[in-house]
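Heads up, the thing below is written out as structure tokens.
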Amino acid sequence: MAEQPRNVAGVHDYAGPAGGWGALKAVAIAVREQMDTVEASATLLRTNQPQGFDCPGCAWPDKHHASTFQFCENGAKAVTWEATQHRATPALFATHRVSELLQLSDHELENFGRLTEPMLYDKASDSYQPLSWDAAFERIGAVLATLPPQQVDFYTSGRASNEAAFLYQLFARMYGSNNFPDCSNLCHEPTSVGLPRSIGMGKGSVSLDDFDQCELIICIGHNPGTNHPRMMGVLHDAARRGVPIVVFNPMRERALERFADPQDPVEMATYGATAIASNYLQVKAGGDAAAIKGVMKALLELEARQGGVLDHDFIAEHTAGFAPLQADLAATAWQDIESASGLSRTSLEEVARLYANSGATIISYGMGITQHRRGTANVRLLCDLLLLKGNLGKPGAGICPLRGHSNVQGNRTVGITEKPSPAFLDSLAATFGFAPPRWAGRDAVRAMQAIVSGECRALLCLGGNLAVALPDPGQCFPAMASLELAVHVATKLNRSHLLVAQTTLLLPCLGRTEADLQASGVQAVTVEDSMSMVHASVGKLPPASMHLKSEVSIVAGIARATLPDSGVDWDALSADYDRIRALIERVIPGFDDYNARIRVPGGFRLPLPATERVWNTPSGKAEFYVFDGLDEDLQQGDAFRLVTVRSHDQYNTTIYAYDDRYRGVFGRRDVLFMHPDDLTALGLAHGDKVDVELAAEGDVRRYPGLTAVAHAIARGTVAAYYPEANCLIPLDHIDAESGTPGYKSVPVSIRKSAGA
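Using the numbering used here, the first residue of the sequence shown is number 1163, and each one after it goes up by one.
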């Protein structure tokens, strides 16, 4: 990258590796600001341990029943942020009107700390006021009793446990609704839709043991140092073994360049680090499909020259559709691939050579693949590459989607989906003796569109920050006021809670770190990690307030008040979570002996047919997919492509602080990352103020006053922080197959700010 020509406030190079002493310092700061030091140390040591609690951060699994990297920097932030000593008591709301709170930043809102009592919005005083739990449940039940089920949506955050999520979907379906928008819709829905079409299941196929046996890792569209840092231990070990790690990413991310393991005494004592990526390809935004097609084209050309590259036996026995894929790749010109990907033919051919020489390859991918207008097609394209060499259903190989929240996959497994299978509904009906709705429900974007249009009259949120997480705050924020009812189950205050409806309630719940004491004793909840391991989580800390209830108890209370004649003993289920797990076992295959198996350290793995080379597709085989053309974003013209990114001090919409250490940004978030040559081409300089506009005819959207920052990013690609840059993204800028918004490739134009 060219040298930055002038100093810019809060922007300077960070020379250190990912991890290392910088990570330890950041953990110390988080502890000092949020918790008592002694209590924090004991709490962090229980993270991801047997008889401890599952980290409320990412969904990366634990090895040998105890993580090899027990808690990472961002996991420590998630824990301290939840277990904070700060409290958002009724006194806060008595002295701050909602309209005043709306003027504060997202960081300031959550930094008020833990919610302590149920609250009801009072329009006359423009404030939240406390009420009893019984009154809250009765108020919710009374409103729901007046509404048709099709007009009510039930949102779920990935933080919810299996037990809470199962009870939630049971209540909603008994009420009569299949409207289940959830956080998966915003990130990995293309995985849930695409993988079943290619390999017959909607989950990844690899285990941690596979990373020990692999011969090549391809990382595409993710930044593990920030978004799933415990993965860095695995990449660190693989790099030290000499395993090539190929990275496709528009931005150079420090964790994918070099990493210092804070648990490695030699690296820490010598200030050393391990190089991670063997090949770092800065694909331009929207160019992933072209890059993967280029690798596959090079692979087929290598097969034609020397033979012995493809696994022809696997292709013949286990796949369908190879011939059309082969024809499409032959017809795709290298010049078009290079133009669309921003990468050279030579670099893609080198990746193909590495892949050809690998006996076992893992592809890991994140939202850089899924959050595109053709995200589902992108996922299927990655499966194509694996299928060419039989890299599914064998040790050291497979597909590894990197999910976010620690139980976002588990929520889907236990029924949080707007598209339930007939088999699941049949089992639910047989177990509980009612007729669940069979119509297709709404996902997250369609739920908000229904709120905007008036089709949705009530929104219940089991966690999350839905209005802020979605694109188009200009539509989403004011639309929330049209709802008759909004219910938010939460640990801390966020902006969506302040976008009040006619009746709005805040219901404070226990966090993952806290002891959940019910009538039968302290309860364990269960979660499913991104590799389909289901295990127990038991909080130890005293609850932040005597008024808190568990998510299970809150769902049960709402259900009891809304459906008094359901025939379900909601109180008995919330008194003993073993009873909920016994019901899950009856309804959902794979949970045999659920209660016994979660009492074994490490839990158990759910069935993954593709790992046994069983393909639950219509053809009974793994399906090759032909990606039509090269453009994954259906974008015309030569506009810049905006990628929205999270800072290192951020988890989803939660902003822990204002630093983005590895990208060299400190104390601010109002920046636009650009390639130095793109700055020059526009007559701009590092540090100039710029306005960013959506490049779409008839749709005027503007994000003014950003500071342009020269950065190591692909030409033609720019990046700004999420969720602030959501103002540039239309609500219908989505992947039509999955409904996931295209946060990772938005057509924009850039100009110098007037008067700058």
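Just so you know, even glycine gets a beta-carbon here, dropped at the ideal spot from N, CA and C.
Extent of the continuous beta strand (DSSP E) to which residue i belongs
i	result
A1882	T1879 to Y1883
E1690	V1687 to E1690
G1552	Segment: none, G1552 is in no beta strand (DSSP E) and carries neither H nor E.
A1663	A1663 -> no beta strand (DSSP E), and no H or E assigned at all.
K1285	Note, K1285: premise wrong, no beta strand (DSSP E); not H, not E.
Y1290	S1289 to P1292
P1695	First, the amino acid is wrong: residue 1695 is Met here, not Pro. Taken as a continuous stretch (DSSP letters only), the beta strand (DSSP E) holding M1695 covers M1695 to S1699.
H1650	L1647 to A1652
T1523	T1523 to Y1527
Which listed residue (the options) has its alpha carbon closest to that of residue i
i	options	result
Y1865	G1845, L1890 and A1514	L1890
Q1497	V1471, K1455 and Q1468	K1455
P1179	E1415, I1407 and P1223	E1415
A1326	G1867, E1713, T1523 and A1801	E1713
L1271	H1258, S1644 and S1699	H1258
P1635	A1256, K1906, Y1884 and N1169	Y1884
L1332	R1722, G1878 and S1915	R1722
H1848	E1479, V1570, L1549 and A1870	A1870
D1371	S1509, G1560, P1412 and V1445	G1560
G1362	L1893, K1851 and K1783	K1783
A1245	R1877, D1800, S1707 and P1909	S1707
S1809	S1294, A1882 and H1398	A1882
S1694	D1832, R1803, S1583 and R1574	R1574
S1369	A1744, F1299, P1223 and R1657	P1223
I1379	W1243, T1353, V1409 and T1773	V1409
A1177	P1280, E1512, A1422 and D1315	A1422
G1366	C1376, I1407, C1562 and G1387	C1562
Bounding residues of the alpha helix (DSSP H) (the contiguous stretch that carries residue i)
i	result
V1833	Run containing V1833: none in the alpha helix (DSSP H); it sits in the beta strand (DSSP E), V1833 to M1836.
V1173	Taken as a continuous stretch (DSSP letters only), V1173 belongs to no alpha helix (DSSP H), as it is neither H nor E.
A1870	That residue, A1870, is in no alpha helix (DSSP H); its beta strand (DSSP E) goes R1864 to A1872.
G1941	Absent from the model: residue 1941. The displayed extent of the chain is 1163 to 1918, so no value can be given.
G1719	E1713 to T1724
F1802	It is not in any alpha helix (DSSP H) - F1802 instead sits in the beta strand (DSSP E) that spans F1802 to V1807.
I1746	Y1739 to V1749
M1635	One detail in the question is off: residue 1635 reads as Pro in this sequence, not Met. Segment P1635 to A1641, the alpha helix (DSSP H) holding P1635.
V1457	D1450 to Q1468
A1620	No alpha helix (DSSP H) holds A1620; the beta strand (DSSP E) holding it covers A1620 to L1624.
Neighbour-count burial assignment, residue i, 16 or more Cβ in a 10 Å radius
i	result
H1174	exposed
P1769	exposed
N1169	exposed
W1601	exposed
D1850	buried
Q1265	exposed
K1285	exposed
D1588	exposed
G1470	exposed
S1261	exposed
P1909	buried
E1676	buried
T1481	buried
D1678	buried
G1404	exposed
Distance between residue j and residue i (C-alpha atoms, nearest Å)
i	j	result
V1827	G1172	6 angstroms
V1880	M1836	5 angstroms
R1420	S1615	49 angstroms
N1569	L1669	21 angstroms
Y1330	V1717	6 angstroms
I1912	G1530	22 angstroms
T1532	F1766	28 angstroms
A1202	P1705	Only weak support is given to the placement of A1202: the predicted model assigns it a pLDDT of 48, under 50, and the value that follows is read from those uncertain coordinates. Cα-Cα distance, rounded: 15 angstroms.
T1508	T1579	43 angstroms
G1901	Q1468	43 angstroms
N1385	P1557	25 angstroms
L1254	R1276	11 angstroms
A1478	L1548	15 angstroms
L1472	R1402	28 angstroms
G1383	E1500	18 angstroms
H1873	L1418	16 angstroms
Y1905	G1338	32 angstroms
Beta carbon proximity, residue i to chain B, threshold 8 angstroms
i	result
S1369	Any reference to chain B falls outside this structure, which holds one protein chain only.
Open item on the list: Could you tell me which whole alpha helix (DSSP H) segments of length 4 or greater appear in the stretch 1751-1789?
Closed with: 1756-1759
Task: Complete runs of the alpha helix (DSSP H) confined to the stretch 1309-1390 [at least 4 residues] - done: Annotation note: the stretch 1309-1390 contains the following uninterrupted alpha helix (DSSP H) runs of length 4 or greater, listed N- to C-terminal: 1324-1337, 1351-1361, 1370-1375 and 1386-1389.
Open item on the list: Please give me, in chain order, every unbroken run of the alpha helix (DSSP H) with length at least 4 that falls completely inside the stretch 1585-1615.
Closed with: 1606-1615
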